[in-house]
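One structure is given here, and the rest of the page talks about it.
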Amino acid sequence: MKVIKIEKSQWAEGLEKARQSMRLIGPVAEKGYHSFQELAPGQAPDLDFQNSRLSPKGLAFPQSEVMLTYTMDKNDPECGIMKEADKDYGPRAVIGIRPCDAKALALVKMNFDTDEYKDPYWLNLYNATTFVGLACDAPCATCFCTTAGSGPFDEQGLDVLLVDQPEHYLAKALTDKGTQWLQAAGFTAETDGAAAIDKAKSAAQARITAKIETEHLRGADTMALYNADFWEDVAFACINCGTCTFTCPTCWCFDIQDETSRGQGVRMRNWDSCMFPIFTVHTTGHNPRDTKIHRVRQRFMHKLKYFVDKYDQGIMCVGCGRCVNQCPVNIDIRRASALMNRVGQDARCAVQEG
Amino acid sequence: MTMAAHSTQSTPSREELVDNPYLPYPVRIDDITVESEDRSLKTFKFVFLNPDDEAKFAAYKAGQFAELSIAGVGEIPIGIASSPVEKGFIKFTVNKAGVVTSHLHNMQVGDIMGVRGPLGNWYPWETLEGKNVLIVGGGFAFTTLRSSIIYMLDPANRPKFKDITVVYGARSPGMLLYKDELIEWEKRDDLNMHITVDGTDDPDWKYNVGFVPPITEQKAPQGDPDSYAIVCGPPIMIKFTQPVLEKLGYDHDHIILSLENRMKCGIGMCGRCGIGRELVCKDGPVFTLNQINQTPREY
Ligand SMILES: Cc1cc2nc3c(=O)[nH]c(=O)nc-3n(C[C@H](O)[C@H](O)[C@H](O)COP(=O)(O)OP(=O)(O)OC[C@H]3O[C@@H](n4cnc5c(N)ncnc54)[C@H](O)[C@@H]3O)c2cc1C
Ligand code: SF4
Ligand code: SF4
Ligand code: FES
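Just so you know, the sequences run in chain order A and B. The letter at position 53 of the first sequence is residue 543 when you use the numbering used here, and the numbering goes up by one with no holes. The letter at position 84 of the second sequence is residue 88 when you use the numbering used here, and the numbering goes up by one with no holes.
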């Protein structure tokens with residue numbers, strides 16, 4: 491695989507060059523937090539950050555998005571007929587996405603890109619994007635990516651992996667799209683950086699000590715997990731704020747709403763969350779998940795069991811630690827997973843003994 | 005590296021895009037029938053504005069549903085009440101319940117709206133061929149069962165099935181759906197029709213009086229490896245029909261149910277209708293009781 495050396499002195503100039511053929515998006519500091527935003531000409535991404543507060547899933551899945559448009563004007567023969575909304579799917583590159591977040595988008599793709607249906611909104615944005623990732627040298631204390639199927643130098647879902655060195659970046663071109671981005675920016679100086687990358691990778695991995703336990707979940711009986719006795723305890727303090735699912739890079743649930751103003755209407759989609767009671771309530775008032783125990787269990791079961799069974803691609807979590815960090819009552823997916831894992835282990839023992 | 009080359013690589017052109025599964029087909033309301041004495045149930049007959057759309061929809065199977073879409077109001081999942089053997093239109097029977105259903109009830113013949121579908125799976129017609137079929141329906145959940153009965157009674161299809169038995173009940177005679185058809189089916193000899201009502205003060209009522217589960221127990225044939233039961237109705241009816249069917253000898257994988265979770269997208273994307281790993285809108289709404297037993301009861 492090609493490794494390109496990018497002198498930091500050349501960085502800004504290269505980005506301006508790349509910008510001539512695509513839009514650039516990167517981390518920007520705002521009110522003490524980082525978020526991914528479109529970069530104005532001359533604006534460099536602020537790569538001195540640990541993790542953005544919200545994951546960058548909005549790159550392919552905006553928090554609020556117009557899907558369809560229509561007129562409500564009764565005199566218009568097209569009144570009430572839905573039209574595709576105008577969209578800009580021009581090429582863009584996101585600079586500095588963390589490897590875990592890029593892996594998360596690759597997991598979410600399994601939901602939006604299926605044999606039967608393709609979600610055009612998600613896929614068009616995803617496909618229009620070149621993912622230029624930034625390896626993580628200083629992971630947060632709550633990161634547990636190395637046991638969640640990802641890692642600080644994970645390459646899944648990335649087109650380029652940037653590795654920070656004192657005077658330069660080492661850039662690994664991982665896909666054709668990545669090679670083209672490097673060329674578009676004029677970053678072409680090949681170097682033999684493999685050893686330096688491996689060294690930085692080992693050092694970063696060693697810094698991640700937090701773990702999630704999942705090895706017995708796949709074999710565990712779904713109903714045994716669902717009926718386990720610890721859910722009430724796990725859910726006890728939850729206030730159903732939805733912070734966990736909104737910050738999560740792998741949560742993809744959404745609501746669809748119509749909005750109208752002055753005779754024009756749009757059909758929108760907005761992020762939604764299984765932590766909210768109205769998510770599942772029927773018109774009759776019946777709610778299949780009518781307690782917070784049901785809802786907290788849904789989040790953990792979806793991420794750690796249902797998804798595992800549905801796709802057989804591991805858990806629906808990349809270990810970014812956002813939900814652990816930001817939950818106001820310290821509900822921790824690692825604890826829930828450990829409890830669930832034990833049920834899986836016990837069930838397996840029972841099978842072997844019986 | 006030129007700009008042009010880059011953009012051909014990473015921009016999907018609009019032409020390449022697959023059909024947008026969120027875009028409803030425009031339809032015109034062709035007819036509205038009030039079905040129940042309390043006017044809470046109406047059947048809407050739609051015709052497609054574009055013949056191409058009709059052709060795409062026409063391949064539906066009995067048991068599937070569609071999203072009815074009203075611009076500025078919203079979308080609702082509704083079972084398809086017309087049958088694939090009925091051509092040129094589609095029909096839905098809608099109970100007036102909340103925002104969208106109430107708005108729909110106030111719409112007029114000639115109004116334009118949208119339909120998205122067909123969606124979800126269907127009753128397992130291939131498995132049911134050569135078998136006895138028992139249909140148990142209650143209340144207004146009879147819509148896709150009507151579709152199924154019309155499909156099975158079609159002269160081209162009737163020889164494919166053995167005995168067909170239908171138990172259908174509503175609160176009162178005035179709440180029964182599709183009354184003309186019920187009376188006609190009652191007279192046929194290739195279908196055992198058992199109509200029932202919870203109660204009535206009509207002295208001329210000549211059908212059954214009683215809840216669906218006990219009438220099923222009295223009238224339905226025994227279950228065996230060659231018999232399947234399809235059950236649709238309010239949760240309470242399903243709850244009390246299940247032990248009756250077990251007693252009659254129907255295995256859990258011979259009992260077929262259709263679930264009604266709250267839905268939005270209808271195509272497995274929005275995550276709202278999940279029960280365990282299954283999405284009711286895409287992996288269902290039709291499941292065997294055996295499948296449901298292995299899934300959290302979140303419906
Ligand atoms: C597969 C399937 C088939 C159905 N078939 C029929 C039918 O043939 N006839 C009929 O009258 N009803 C049927 N229903 C129920 C019908 O979808 C709801 O009554 C309807 O969505 C209520 O919408 P509303 O806007 O009037 O109510 P509101 O409470 O105002 O609902 C607002 C929105 O919530 C959602 N929603 C609320 N309740 C339900 C629910 N029970 N199921 C799904 N989505 C819901 C819808 O998106 C709705 O637009 C079916 C439901 C499903 C899932
Ligand atoms: S955890 Fe909840 S919000 Fe997140 S994807 Fe699963 S169901 Fe949706
Ligand atoms: S962030 Fe914590 S309190 Fe809020 S919904 Fe999630 S688990 Fe519950
Ligand atoms: S309704 Fe959206 S996933 Fe089923």
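We treat Cβ as the ideally placed atom computed from N, Cα and C, and that holds for glycine. This structure is a prediction, so every number in the text was calculated from the model and none was measured.
- prompt: Does the Cβ of B:T200 have 16 or more other Cβ atoms within 10 Å, making it buried, or fewer, making it exposed?
  reply: buried
message: Closer than 7 Å to a non-hydrogen atom of ligand 3 - does that hold for the CB of A:P818?
response: yes
query: Under a CB-based cut-off of 8 Å, is B:G118 close to chain A?
result: yes
query: How would you list, in chain order, the residues of chain A whose beta-carbon sits under 7 Å from the beta-carbon of B:V77?
result: D748
Sequence-distant residues of the same chain with beta carbon closer than 7 Å to B:P25, five excluded per side: I271
N- and C-terminal bounds of the alpha helix (DSSP H) containing A:M765: No alpha helix (DSSP H) holds A:M765; DSSP gives it neither H nor E.
- prompt: What are the start and end residues of the beta strand (DSSP E) that includes B:K49?
  reply: 45-52
query: Can you find a C-beta in chain B that's less than 8 Å from the C-beta of A:L558?
result: yes
query: Which ranges does the alpha helix (DSSP H) cover as unbroken runs of at least 4 residues, wholly within the segment 714-748 of chain A, from first to last along the chain?
result: 721-725, 733-737
task: Give me the Cα-Cα distance between B:D206 and B:M241, rounded to the nearest whole angstrom.
output: 24 Å
field: For A:A595, three-class secondary structure by DSSP
entry: In the sequence as displayed, the identity of residue 595 of chain A is Leu instead of Ala. It is helical.
- request: Ignoring anything shorter than 3 residues or poking outside the segment 175-239 of chain B, list the beta strand (DSSP E) runs there in chain order.
  value: 196-201, 231-236
task: Run down chain B in chain order and give the residues with a C-beta less than 8 Å from the C-beta of A:N815.
output: The contacting residues do not exist; A:N815 stays about 23 Å from chain B at best.
- request: Can you say whether B:S17 is buried or exposed, counting buried as having 16 or more other CB atoms within 10 angstroms of its CB?
  value: Residue placement at B:S17 is flagged as unreliable, the pLDDT there being 44, under the threshold of 50; a coordinate-derived value is accordingly withheld.
message: Tell me the residue span of the alpha helix (DSSP H) that contains A:Q500.
response: 498-509
query: Taking all protein chains shown into account, do 16 or more other C-beta atoms lie within 10 angstroms of the C-beta of A:H776, making it buried, or fewer, making it exposed?
result: exposed
- prompt: In terms of residue numbering, what span does the beta strand (DSSP E) encompassing B:Y2 cover?
  reply: Since the displayed chain B opens at 5 and closes at 303, residue 2 of chain B lies outside it and no answer follows.
field: Members of the segment 588-608 of chain A that neighbour chain B once the beta carbon cut-off is set at 8 Å
entry: N601, F602, T604, E606, Y607, K608
task: Compute the beta-carbon to beta-carbon distance between B:E82 and B:Y64, rounded to the nearest angstrom, for a pair I have assumed lies under 8 Å.
output: It is worth fixing the name first, because residue 82 of chain B is Ile in this sequence and not Glu. About 13 Å; that fails the 8 Å criterion.
message: Does the CB of A:Y796 have a neighbour CB from chain B at under 8 Å?
response: yes
Residue-chain proximity (A:V833, chain B), Cβ-Cβ < 8 Å: no
- prompt: Tell me, which residues are paired with B:N136 by DSSP?
  reply: B:S231
- prompt: So, helix, strand or coil for A:I554, using DSSP?
  reply: First, the residue type needs correcting, since residue 554 of chain A is Ser and not Ile in the sequence shown. Strand at A:S554.
message: Given this structure, state the Cα-to-Cα distance separating B:H258 from B:N297, to the nearest angstrom.
response: 13 Å
message: With a threshold of 7 Å (Cβ to nearest heavy atom), would B:G83 be considered close to ligand 1?
response: yes
query: Under three-state DSSP, which class holds A:Y611?
result: helix
- request: Go ahead and label B:V248 buried or exposed: buried means 16 or more other beta carbons lie within 10 angstroms of its beta carbon, across all protein chains shown.
  value: buried
- request: Assign B:S14 to one of three DSSP states: helix, strand, or coil.
  value: In this predicted model, B:S14 has a pLDDT of only 42, less than 50, meaning its place in the structure is not dependable; the value taken from the coordinates is given anyway. Helix.
field: Cβ of B:S40 within 8 Å of any chain A Cβ
entry: no
query: A:D799 CB to nearest chain E CB: under 8 Å?
result: This model lacks chain E altogether, as its protein chains are A and B.
message: With distance defined between alpha-carbon atoms, name the residue in A:G683, A:D627, A:L660 nearest to A:L897.
response: This structure does not reach residue 897 of chain A, given that chain A is present from 491 up to 844, and the question cannot be answered.
- prompt: If the cut is a Cβ gap below 9 Å, which residues of chain B does A:M572 touch?
  reply: Y26, L27, P28, P30, S73, A75, G118
- prompt: With a Cβ-Cβ cutoff of 8 Å, do A:A845 and A:V798 count as a contact?
  reply: Only positions 491 to 844 of chain A appear in this structure, which leaves residue 845 of chain A out of reach.
Whole-Å CB distance - A:A575 paired with A:T559, under 8 Å assumed: 5 Å
message: For B:G124, which residues in the same chain have their Cβ closer than 7 Å to its Cβ, ignoring the five residues on either side in sequence?
response: Q68, F69, C285, K286, G288, P289
task: Could you pull out every residue in the same chain whose Cβ sits closer than 7 Å to the Cβ of A:G844, ignoring the five residues on either side in sequence?
output: Its pLDDT being 39, under 50, A:G844 is placed unreliably by the model, and the measurement read from it follows with that caveat. Within the same chain, A:G844 has no close Cβ partners at all.
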